[in-house]
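Counting from 129, one number per residue, gives the positions in the sequence shown under my numbering.
We treat Cβ as the ideally placed atom computed from N, Cα and C, and that holds for glycine.
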Amino acid sequence: MTAASPSSGLGDGGNLPRTGSVPRAGSAALLAFLFSALAAAAVAQDAPPVLRASPGAERVTIDGMLSEAAWAAAEAADAFAQTEPQEGAPPSFRTTVRVLSGSTALVIGIQCDDDPARIVSFSVGRDAAMQAEDHVRVVLGPFLDGRSGYVFAVNPRGARYDSVINSAGDGENAEWDGIWEAATSRSERGWSVEIRIPVRTFAFKPGLHEWHFNVQRRVQRLLETDRWASPARQFRITQTSRAGMLAGLPDFALGRGLDIRPAVTSGGGVPAPSAPVDGLFRPSLDITQRLGANVTASMTVNTDFAETEVDTRRTNLTRFPLLFPEKRTFFLEGLKIDDGDTPHAIVQPSTVPARANPLTPYSSKYEV
Numbered sequence: 129m130t131a132a133s134p135s136s137g138l139g140d141g142g143n144l145p146r147t148g149s150v151p152r153a154g155s156a157a158l159l160a161f162l163f164s165a166l167a168a169a170a171v172a173q174d175a176p177p178v179l180r181a182s183p184g185a186e187r188v189t190i191d192g193m194l195s196e197a198a199w200a201a202a203e204a205a206d207a208f209a210q211t212e213p214q215e216g217a218p219p220s221f222r223t224t225v226r227v228l229s230g231s232t233a234l235v236i237g238i239q240c241d242d243d244p245a246r247i248v249s250f251s252v253g254r255d256a257a258m259q260a261e262d263h264v265r266v267v268l269g270p271f272l273d274g275r276s277g278y279v280f281a282v283n284p285r286g287a288r289y290d291s292v293i294n295s296a297g298d299g300e301n302a303e304w305d306g307i308w309e310a311a312t313s314r315s316e317r318g319w320s321v322e323i324r325i326p327v328r329t330f331a332f333k334p335g336l337h338e339w340h341f342n343v344q345r346r347v348q349r350l351l352e353t354d355r356w357a358s359p360a361r362q363f364r365i366t367q368t369s370r371a372g373m374l375a376g377l378p379d380f381a382l383g384r385g386l387d388i389r390p391a392v393t394s395g396g397g398v399p400a401p402s403a404p405v406d407g408l409f410r411p412s413l414d415i416t417q418r419l420g421a422n423v424t425a426s427m428t429v430n431t432d433f434a435e436t437e438v439d440t441r442r443t444n445l446t447r448f449p450l451l452f453p454e455k456r457t458f459f460l461e462g463l464k465i466d467d468g469d470t471p472h473a474i475v476q477p478s479t480v481p482a483r484a485n486p487l488t489p490y491s492s493k494y495e496v
């Protein structure tokens, strides 16, 4: 008589499953799920916010009211967070941004909710610093390179500030003055602003349908700064590499791109009682022709600097020469880009600089 094997009733082979095989497989699947979830969360956290521009820029009157139907139909961005004083905290007041696009211009509308009686605003001149008052600051990066861009700022009184970003966002040059307009309005809801920026006022990379874009708001009485993209205090609003995206842009039309600035300087005097009049007549001409979105040809004859702001008088008690920023319009147009990371100063032509900061951020290794 043969005794039955203890494993004969357990199916073929009669082998018991190893006790650790099923838990190990489950642990591996769980770890894989956790890693994928963490990776997805990290990607979502690093992904920049996106605002899509809506058509209708031609149907808007720049009055600061945001009352046209095009604004109501446009996509809105209001996910701001504090940069100061509590980094990452929700803002004290809502800020809503909308963008309308056309063939020749962008129109940006911003609604700033607030107590209208407590708004802080006093500057009225061009290129005021606005550091100690309420204002909004818009940054555009039309080359999508994360190094260059333009800044446009407006306070509740309608004062405007603009600059060109340089040194990869670590600095900006306010001597550049673009051609753009802005209007503001106050209501019981707070204040609002409409900004119209013709694309011919700055250079951009052709063929792009999205640009870097960011908006920052200052509420001065609360010492609060709110930002749309990258609200961390360690980042600057001028760092376009940390900006959000403005999508849905059309193929912009540059038009003729011709700018002609004639001028005449005249005067006269009598050097002596019986001497003839000593007259002066000096014509001048500046011509700028945009050959493309990022190529500009310039010509000048007897360049006139009569409207140029004078340099601030400074006393030099050191052995080092003083460096003055360039303020003359012709030399600010299309100045050579500096691809280095070391900041350099733009100086008077009497001292020829080895390098210069960018005022027209052409994103190219070559220059014509």
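Answer yes or no: do residue i and residue j have a C-beta to C-beta separation smaller than 7 Å?
{"i": "VAL248", "j": "ARG317", "result": "no"}
{"i": "VAL267", "j": "VAL282", "result": "no"}
{"i": "SER358", "j": "ARG346", "result": "no"}
{"i": "LEU194", "j": "SER320", "result": "yes"}
{"i": "ALA181", "j": "GLY376", "result": "yes"}
{"i": "PHE221", "j": "ASP242", "result": "yes"}
{"i": "THR211", "j": "ARG361", "result": "yes"}
{"i": "PRO177", "j": "GLY372", "result": "yes"}
{"i": "ALA202", "j": "LEU228", "result": "yes"}
{"i": "HIS340", "j": "THR368", "result": "yes"}
{"i": "ARG97", "j": "THR393", "result": "With the chain represented from 129 up to 496, any question about residue 97 goes unanswered, as that position is not in the structure."}
{"i": "GLY396", "j": "VAL405", "result": "yes"}
{"i": "ASP354", "j": "THR224", "result": "no"}
{"i": "LEU451", "j": "ASN444", "result": "no"}
Could you check what DSSP says for residue i in three-state terms: helix, strand or coil?
{"i": "ARG317", "result": "coil"}
{"i": "SER182", "result": "strand"}
{"i": "ASP206", "result": "coil"}
{"i": "GLY297", "result": "helix"}
{"i": "PRO244", "result": "helix"}
{"i": "SER402", "result": "coil"}
{"i": "ALA201", "result": "helix"}
{"i": "VAL327", "result": "helix"}
{"i": "ASP290", "result": "strand"}
{"i": "ILE465", "result": "With a pLDDT of only 38 at ILE465, under the threshold of 50, the placement of this residue in the model should not be trusted; the figure read from the coordinates follows. Coil at ILE465, not helix or strand."}
{"i": "ASP354", "result": "strand"}
{"i": "ARG447", "result": "coil"}
{"i": "ARG361", "result": "coil"}
{"i": "ASP174", "result": "helix"}
{"i": "ARG187", "result": "helix"}
The beta strand (DSSP E) with residue i in it runs from where to where?
{"i": "TRP339", "result": "339–347"}
{"i": "ALA281", "result": "277–282"}
{"i": "SER394", "result": "386–397"}
{"i": "ALA425", "result": "423–429"}
{"i": "ALA217", "result": "Here ALA217 belongs to no beta strand (DSSP E), and DSSP marks it neither H nor E."}
{"i": "ALA375", "result": "372–375"}
{"i": "VAL266", "result": "263–269"}
Taking the alpha-carbon of residue i as reference, which of the options has the nearest alpha-carbon?
{"i": "PHE330", "options": "ILE365, PHE380, THR353", "result": "PHE380"}
{"i": "ASP191", "options": "ALA311, SER291, PRO326", "result": "ALA311"}
{"i": "THR232", "options": "SER315, THR368, ARG384, LEU179", "result": "ARG384"}
{"i": "GLU352", "options": "TRP199, ALA260, THR368, GLU186", "result": "ALA260"}
{"i": "PRO183", "options": "PRO176, SER220, ARG226", "result": "ARG226"}
{"i": "ARG364", "options": "ARG410, GLY299, PHE332, PHE452", "result": "GLY299"}
{"i": "ARG187", "options": "ARG324, ASP241, ALA205, LEU419", "result": "ARG324"}
{"i": "SER279", "options": "ASN294, ARG285, GLU203, PRO401", "result": "A quick correction: the sequence has Val, not Ser, at residue 279. Comparing Cα-Cα distances from VAL279 to each of ASN294, ARG285, GLU203, PRO401, the minimum goes to ASN294."}
{"i": "TRP308", "options": "SER315, ASN301, ALA287", "result": "ALA287"}
{"i": "ALA185", "options": "ALA197, THR440, MET258", "result": "ALA197"}
{"i": "ALA200", "options": "GLY237, PRO213, PRO218", "result": "GLY237"}
{"i": "VAL252", "options": "LEU234, SER276, PRO284", "result": "PRO284"}
{"i": "ASP387", "options": "MET258, LEU413, PRO399", "result": "LEU413"}
{"i": "LEU234", "options": "GLN417, SER313, LEU451, LEU382", "result": "LEU382"}
{"i": "GLY230", "options": "GLY396, PRO378, LEU451", "result": "PRO378"}
{"i": "GLY277", "options": "SER313, ASP439, GLY297", "result": "GLY297"}
{"i": "PRO244", "options": "GLY274, ASP305, THR431, ASP262", "result": "ASP262"}
{"i": "ARG328", "options": "SER313, ASN301, GLU322, GLY306", "result": "GLY306"}
{"i": "GLY335", "options": "GLU322, LEU408, LEU272, PRO213", "result": "LEU272"}
{"i": "MET258", "options": "ALA302, THR428, VAL423", "result": "ALA302"}
{"i": "MET427", "options": "LEU408, ALA400, PRO390", "result": "PRO390"}
Please name the residue or residues paired with residue i in a DSSP beta bridge.
{"i": "ALA233", "result": "PRO326"}
{"i": "GLY335", "result": "For GLY335, which the question treats as bridged, DSSP gives no partner whatsoever."}
{"i": "PHE409", "result": "SER394"}
{"i": "GLN417", "result": "LEU386, ALA425"}
{"i": "THR366", "result": "In DSSP, THR366 forms no bridge with anything."}
{"i": "GLN239", "result": "THR224, SER320"}
{"i": "THR312", "result": "VAL321"}
{"i": "GLU212", "result": "THR353"}
Please determine whether the Cβ atom of residue i lies at a distance below 6 Å from any heavy atom of the ligand MG.
{"i": "ARG441", "result": "For the ligand MG, the structure offers nothing, since it holds no ligand at all."}
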